[in-house]
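Only one structure is covered here, and it is reproduced in the block below.
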Amino acid sequence: MDYLEITLEDSISEIFKIGQESFEQFYPIKKFLKKLENKRYWVYVAREKNEIVGFKIFYEDDDRQIYDWLDGVKPSYRRRGIASKLMRMEIDFAKQNNYSKIKIKTHKGHPEMLALCDRFGFVEVGREPHHWADSIDKEAIFLELILKKSQLLPNLAASGLSEEL
Ligand SMILES: CC(C)(COP(=O)(O)OP(=O)(O)OC[C@H]1O[C@@H](n2cnc3c(N)ncnc32)[C@H](O)[C@@H]1OP(=O)(O)O)[C@@H](O)C(=O)NCCC(=O)NCCS
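All letters in the sequence shown, in the order written, are residues 0 to 164 by numbering that gives the first Met the number 0.
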């Protein structure tokens, strides 16, 4: 399995296929593209042979934080750690680029995502009923992962010990 950053142009048709298999109602193409308009965004994928089997799209939001927008893994490839690897890559990217937080919005209809987020230490920071009034009538669950930078304390560095700050 390869894990890589890719352009949207090179992945959009396969992302749409997985999205349609993975979400009750996936975005219509126009709405999907509108969401990314004028944003700095990144597309990470898992690829086996020449086929994309999992993806993650995240972008920088107005507060200069990372917003994890869309995640999906082809059903026959689930529960093999693919989404976890993509999440780890996103967290590493966010830390390396000095973002302080990753935010995710989901709902109870995605228990796998809630379990995955819990595993990575995301915490719930709020809920909003009828959040997606224009599409699904579900209560949104807002999650956040606060990022800490790894640093060596000067005195500990000298002694060869380190501490995660
Ligand atoms: C959510 C999703 C991306 C997870 O992908 P995945 O590659 O199967 O996830 P991983 O294999 O990395 O799972 C990591 C952990 O998440 C949790 N998890 C994932 N799927 C789970 C399930 N069906 N039941 C319970 N826990 C689950 C487990 O803790 C799992 O670790 P484990 O397998 O060692 O127990 C995938 O299920 C999916 O595409 N779902 C439909 C779309 C979706 O919900 N997207 C997110 C919307 S916000």
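The beta-carbon is built from N, C-alpha and C at its ideal position, and this holds for glycine as well. Every value quoted in this text rests on a predicted model; they were computed, and no experiment measured them.
Within a Cβ cutoff of 6 Å, which residues of the same chain sit near E13, ignoring the five residues on either side of it in sequence?
Here residue 13 is taken as the residue at index 14 of the sequence shown, counted from 1. Residues I51 of the same chain have their beta carbon placed closer than 6 Å to that of E13, with the five preceding and five following residues left out of the count.
Is any heavy atom in ligand 1 found nearer than 7 Å to the beta carbon of I140?
Translated into positions along the sequence shown, residue 140 becomes position 141. Checking every heavy atom of ligand 1 against the Cβ of I140, none is found closer than 7 Å.
Backbone secondary structure at A45 - three-state DSSP
Walking along the sequence shown from the start, residue 45 turns up at place 46. DSSP places A45 in the strand class (E or B) of the three-state scheme.
State the Cα-Cα distance for the pair I90 and D62, rounded to the nearest angstrom.
Along the sequence shown, read from residue 1 onward, the residue named residue 90 stands at position 91. Along the sequence shown, read from residue 1 onward, the residue named residue 62 stands at position 63. Taking the straight line from one Cα to the other gives about 17 Å.
Report yes if the C-beta distance between I56 and H106 is below 8 Å; otherwise report no.
Residue 56 sits at position 57 when you count from the first residue of the sequence shown. Residue 106 sits at position 107 when you count from the first residue of the sequence shown. No. Outside cutoff.
Are there three or more Cβ pairs, one per stretch, closer than 8 Å when the stretch 6–20 is compared with the stretch 124–135?
Proximity of the stretch 6–20 to the stretch 124–135 falls short of the contact definition, fewer than three beta-carbon pairs being nearer than 8 Å.
Rounded to whole angstroms, what is the Cα-Cα separation between A93 and E8?
Here residue 93 is taken as the residue at index 94 of the sequence shown, counted from 1. Here residue 8 is taken as the residue at index 9 of the sequence shown, counted from 1. A93 and E8: Cα-Cα distance of roughly 23 Å.
Would you say Y43 and M88 are within 8 Å of each other, going by their C-beta atoms?
Counting from 1 along the sequence shown, the entry for residue 43 is found at position 44. Counting from 1 along the sequence shown, the entry for residue 88 is found at position 89. In this structure, M88 lies closer than 8 Å to Y43 by Cβ.
E123, DSSP secondary structure in three states:
Taking the sequence shown and counting its residues from 1, one reaches residue 123 at position 124. The answer is strand: DSSP assigns E123 an E or B state.
Suppose you measure from the CA of L144 to the CA of K48; what does that come to, to the nearest Å?
If you number the sequence shown from 1, residue 144 lands on position 145. If you number the sequence shown from 1, residue 48 lands on position 49. Going by C-alpha positions, L144 is about 32 Å away from K48.
Hey, out of I28, L146, G120 and I5, whose CA is closest to R46's CA?
Here the question's residue 46 lines up with position 47 in the sequence shown. Minimum Cα distance to R46 is reached at I5.
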